Amino acid sequence: MTRSRLLEAIAGGDVARVAAMLHPDTAVNPAQGTTPLYRAALGGHHDIVGLLLEYGADPDQPSGGHEEGLPLCAAACWDHAETVQALLDGGADPDAAEEGGWTALLWAAANGNLESADILLDAGADPGRADDAGDTPLTLSALFGAYGIVWSLLEHGADPSAPGWDGATPLEIATRLAAVDLEAVLRDEVCARVGGEHTVLVLHASAPDGTRRVTVEARGAGGGYSITRQHGHAAAATVLEAALGLRPPADVLLRRALPYRDLDEDDETWWAAVHALQARHDEETFLALARLCESDDPVEREFGVDVLAEFGPETGLVPETGLVPETGLVPETGLVPETGLGRKTELGQEAGLGRGAVSPGAVSPGAVSLGAGHAPYRDRVLEILRDLARHETEPSVVEALLHAFGQQADERTLPEVLKIVNSPGREPTVHDPVALAAVLPPDDEDGLTTLIRLSRCADDEVRDWATMGIAALPADTASIRDALVTRLTDRDLTTVAEAARGLAGRGDRRAIEGVHRVLCEADAGQDYARDLALEAAHELGLEISGA
């Protein structure tokens, strides 16, 4: 067997062929030329990487081909996350550097590769290690506009004040690029690189952190050149300011976020500003938010309500983010930052991206109540929100109010929640059942009737959340049980699972029907529903084989 044939099989991703070629005497660490492990890492063939490591491939040996280097750097550069993990599992040094002092984390940061960056950071990569020119992962991710990576680096202890090669700090870089027409800047740069007659192509996509990614490419007779960046500079600037203890006024943060409402997947830049303000516990900020809620501009009212939803509880952590107040840094609490980074990807992109991406099971009714800890602004916040809810008609502000009432979880707001939810012609959203379940007193029949009505809504998510709200109620009545039994035949298996768990918790063996449905019909992507069904089975004392 020649090395060229092995490299050919690796490049083609032919696992079976590579496995057949490998034997204990195979030269998997050649002193010259391209190493098999580098070729596999470059192509993202994590299964082949695993095979080569089993046969003694050295994960920290640089490859000797033209412009080649470390396998881990190649995998991180191209965001082959599974390959990055396989190499780390095989003993690769997360801080190993190749020519120019470039580490895998620097490559991931420079290219906006969030998944690879998170894996490397979790493996212990140094978040502040600079290349030979002086750039750090934070300066490179700020340049790219990789908001999610900036957040992760700060979470892992990166120094927000450390400058890059030209003396500019990450905040200066992010602020400068947030103020320009990014696409026009990229267009000018690629056109200057190509010169002569050429065509320009522009591609937009959603980045892993939810911000917009743009690639601009110029193609001419002599070849082409492309640059990719993210529209995450404004959000990055906001979290960097928080990490540095800077406190721009509320209206400044709002103006910064507004241009990105049509670009971000789930208002990531908006929520970065919201969370930065929620970290504050001062009268000046509160009064500024109160003024926003009185504005004639519905966008200002919406922003004010979103911030007030979790403003001022002195628990030691910023609401929904787990960030330490004034620093923006995340302690070792296990909390998932709610920035567009977290639960959905399990590496940093979700957990609730604000109001629009609630995930069943992420919270339960009342679980996010701000009653825990000292909340000095609670009554004043509720007064503002309740007053606004009595006359507000702008749909976006109404949704923000429901979200806020759900976060506050205060029974005093039940009349306002019912007024909104029962408004003639209203099309329910997930905020209806979430808010109602959070503020519903134990014995309120009108509220329970409305929640049961929502559990019959045509929208799957609304039914799911309403069913979860009913299941979590402390009461045990015939109407509650009947509402849950009705949902055992629901087309949505998560709703079925919520109903089964609610019945099982009340000792009602009709839950078995739902348990059976979920365990038989749930596919590989419905782990949450399966977990609920198994909890219900445990409550009923059922033994589930193979579960």
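Numbered according to UniProt numbering, the sequence shown spans residues 1 to 547. Glycine residues also receive a C-beta, built at the ideal position from the N, C-alpha and C atoms. Computed from a predicted structure; not experimentally measured.
- Taking a contact as a CB-CB distance under 8 Å, the pair Ala257 and Ala234 counts as one, their CB atoms being some 7 Å apart.
- Thr103 sits in a strand when the DSSP states are folded into three classes.
- For Ala529, the CB contacts under 8 Å within the same chain, skipping 5 residues up- and downstream, are Leu493, Thr494, Val496, Ala497, Val518, Ala522 in chain order.
- Counting along the chain, the unbroken alpha helix (DSSP H) around His233 starts and ends at 233-244.
- Shortest Cα-Cα distance from Arg212 to any of Asp266, Gly223, Arg187 involves Asp266.
- Rounded to whole angstroms, the Cβ separation of Tyr38 and Glu67 is 11 Å, and the two are not in contact under 8 Å.
- Of the residues assessed, Ile544 falls on the exposed side of the cut-off, its CB having fewer than 16 other CB atoms within 10 angstroms.
- Put simply, the backbone Cα of Leu182 is about 44 Å away from that of Val439.
- Cβ atoms of Asp209 and Glu268 come within 8 Å of each other, at about 6 Å.
- DSSP places Tyr147 inside the alpha helix (DSSP H), whose first and last residues are 147-155.
- Taking the Cα positions, Ala96 is about 10 Å away from Gln61.
- In this model, Val381 and Asp306 are separated by some 11 Å (Cα to Cα).
- Secondary structure in the stretch 245-271: the alpha helix (DSSP H) runs of 4 residues or longer, each lying completely within the stretch, are 250-257 in chain order.
- Beta-bridge analysis with DSSP links Ile227 to Val216.
- Of all C-beta pairs linking the stretch 144-163 to the stretch 115-125, three or more are shorter than 8 Å, placing the two stretches in contact.
- Setting aside the 5 residues that flank it on each side, Asp464 is surrounded in the same chain by Pro360, Asp492, Thr494, Thr495, Glu498, each with a C-beta closer than 7 Å to its C-beta; the list follows chain order.
- Within its own chain, the residues whose Cβ lies closer than 7 Å to the Cβ of Leu87, once the five positions on either side in sequence are excluded, are Ala41, Val49, Pro59, Pro71, Leu72, Ala75, listed in chain order.
- Restricting attention to alpha helix (DSSP H) runs no shorter than 4 residues, the stretch 421-482 encloses them at 431-439, 445-454, 460-471, ordered along the chain.
- The residue from Arg456, Asn422, Ala57 with its alpha-carbon nearest to that of Asp446 is Asn422.
- The continuous alpha helix (DSSP H) containing Ala11 extends over residues 3-11.
- Assignment of beta strand (DSSP E) within the UniProt repeat "ANK" (32-64), counting only whole runs of 3 or more residues, yields no such run.
- In this structure, Glu416 sits near Arg386, with a CB-CB distance shorter than 8 Å.
- Restricting attention to Trp271, Asp251, Pro259, the CA atom closest to the CA of Leu289 is found in Asp251.
- Secondary structure note for Ser206: its beta strand (DSSP E) is the uninterrupted segment 198-206.
- The alpha carbon of Gly541 has as its nearest neighbour, out of Cys520, Gly505, Ala524, the alpha carbon of Gly505.
- With respect to Ala218, Val190 sits close: the two C-beta atoms are nearer than 8 Å.
- The beta carbons of Thr26 and Tyr55 sit about 6 Å from each other, so the pair counts as a contact at 8 Å.
- Assignment of Ala97 by DSSP, reduced to helix, strand and coil, places it in the strand class.
- Asp282 and Glu383 have their alpha carbons spaced roughly 18 Å apart.
- The residue among Thr175, Leu277, Gly232, Ala31 with its C-alpha nearest the C-alpha of Tyr260 is Gly232.
- Only residues of its own chain outside the window of five on either side were considered, and among them Ala500, Ala533, Ala536, Ala537 have a CB closer than 6 Å to the CB of Val515, listed in chain order.
- Annotation: Glu310 to Ser161 spans about 28 Å, alpha carbon to alpha carbon.
- Under the three-pair Cβ rule at 8 Å, the stretch 121-140 counts as touching the stretch 163-175.
- Residues Tyr225 of the same chain have their beta carbon placed closer than 6 Å to that of Arg193, with the five preceding and five following residues left out of the count.
- Tyr528 sits in a helix when the DSSP states are folded into three classes.
- Considering only Leu451, Gln408, Ala221, Asp444, the residue with the shortest C-alpha distance to Pro428 is Leu451.
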